[in-house]
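Data first, discussion second: the structure below is written as structure tokens.
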Amino acid sequence: MASSKTDWRRVLYLLSENVQAGIRDAMPRKQSMAAPRFKQLLDQVAQQAIVDALRGSEASVRLVSEEGDHLFGGGAFTLVADPVDGSTNLSRGLRPAATSLSISETATQGGVVAGIVSDLYTGETYYAERGRGATLDGRPIRVAQQKEYGRALISIDVSKGPRLELTRRLIEESSHLRSEGCSSMSLCHVASGSLDAHIDIRGIVRATDVSAALLVLKEAGGVYTVDGAPGGDFRLTRQTRMALVAATSQGLLDEITGLMGQP
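As numbered in the numbering used here, residues 33 to 295 make up the sequence shown, in order.
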């Protein structure tokens, strides 16, 4: 049985490495499968890699995953997993794609004590523990210095829907927009200073996509809103979805939310 003394860093790194190994083994099958079927295979392989590793450990966790929930050793902690965030990217050979894992003392984001996001292409790994900062491959990271919105490098995910109009001013006022197709990596890129903000107000971001990356961002000095609430808490379930805005500073975050509210 696991306890509060469990070395979650070791557990999360082990799980992440297992997923990467499974994905490497599956990649040769890409040439013989249609992209949608290969995407499904990648998700299944990655999920099974996590389940197999947990069965061989003493961790007491309730696994909450985009691919299904499982109970191990009584489930004293909540393990939140998106085995392959950006699976569409990965199935088509686009970057980035990542494995995202967090551990929480409770059933909400506020209880998250550790998180890891590993790039499935490069192996680069972002890791954070509550109150102990964030790292990239073991090196401390911090968000970039504050910039005004017009000069900032912004990641924004958009699609058709009733909220599309809210992004119009954001697009018009920005000089540098990107769309990466992988929420966890976009948040980590804000945390490490590569991006200045990440915006996804479609209301479809899953808790499993961003739980780990939000801890990385917070520990690196970033700020965010969930459904408009600063640093908003949310339940760690497969069904939980949200609108999310993250930035390097409160000033930039305020500027973004102000633009969203303008006609």
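All residues carry an ideal CB built from backbone N, CA and C; glycine is no exception.
#1: Applying the 10 Å Cβ sphere with the 16-neighbour rule, what's the burial state of S207?
#2: Please tell me whether D151 and S132 are closer than 7 Å, where the distance is taken between their beta carbons.
#3: Helix, strand or coil: which one does DSSP assign to I55?
#4: For A130 and chain C, any beta-carbon pair shorter than 7 Å?
#5: With distances taken between CB atoms, is the gap from C214 to A129 smaller than 7 Å?
#6: What's the gap between the Cα of V43 and the Cα of A91?
#7: If you draw a straight line from the C-alpha of A58 to the C-alpha of Q80, how long is it?
#8: Just to confirm before moving on: does the CB-CB distance between E156 and D169 stay below 7 Å?
#9: Can you give me the Cβ contacts of G254 inside the same chain, cut-off strictly under 7 Å, excluding the 5 residues immediately before and after it?
#10: Spatial neighbours of A139 within its chain, please: CB distance less than 7 Å, with the 5 preceding and 5 following residues excluded, ordered by chain position.
#11: Under a three-way DSSP split, which group does P295 fall into?
#12: Should K37 be labelled buried (16 or more other beta-carbon atoms within 10 Å of its own) or exposed?
#13: May I ask you to report which of helix, strand or coil DSSP gives L246?
#14: Compare the beta carbon distance of V248 and G118 with 7 Å and say whether it is the shorter of the two.
#15: What are the residues that DSSP puts in a beta bridge with M274?
#16: So the beta strand (DSSP E) E161 belongs to, where does it begin and stop?
#17: At a cut of 8 Å, does the region 178–194 reach the region 91–110 through at least three beta carbon pairs?
The structure says:
#1: Here S207 is exposed: its Cβ has fewer than 16 other Cβ atoms, across all protein chains shown, within 10 Å.
#2: Their beta carbons are not under 7 Å apart, which means D151 does not touch S132 by this criterion.
#3: Of the three classes helix, strand and coil, the one that applies to I55 here is helix, per DSSP.
#4: Of the protein chains in the structure, only one exists, and it is not chain C.
#5: The answer is yes: Cβ separation under 7 Å.
#6: Rounded to the nearest angstrom, the gap between the Cα atoms of V43 and A91 is 8 Å.
#7: A direct Cα-to-Cα measurement between A58 and Q80 gives close to 12 Å.
#8: Less than 7 Å divides the Cβ of E156 from the Cβ of D169.
#9: Contacts found: V175, V222, A223, A278, A279, T280.
#10: Excluding sequence neighbours, A139 sits near T110, R267, L268.
#11: Because the pLDDT of P295 is 49, which lies under 50, any placement of that residue in the model is unreliable, and the question is left without a value.
#12: It is exposed - the Cβ of K37 has fewer than 16 other Cβ atoms within 10 Å.
#13: Of the three classes helix, strand and coil, the one that applies to L246 here is helix, per DSSP.
#14: Not closer than 7 Å, so no.
#15: Bridge partners of M274 according to DSSP: V237.
#16: Unbroken beta strand (DSSP E) run through E161: 157–161.
#17: Verdict: no, contact absent.
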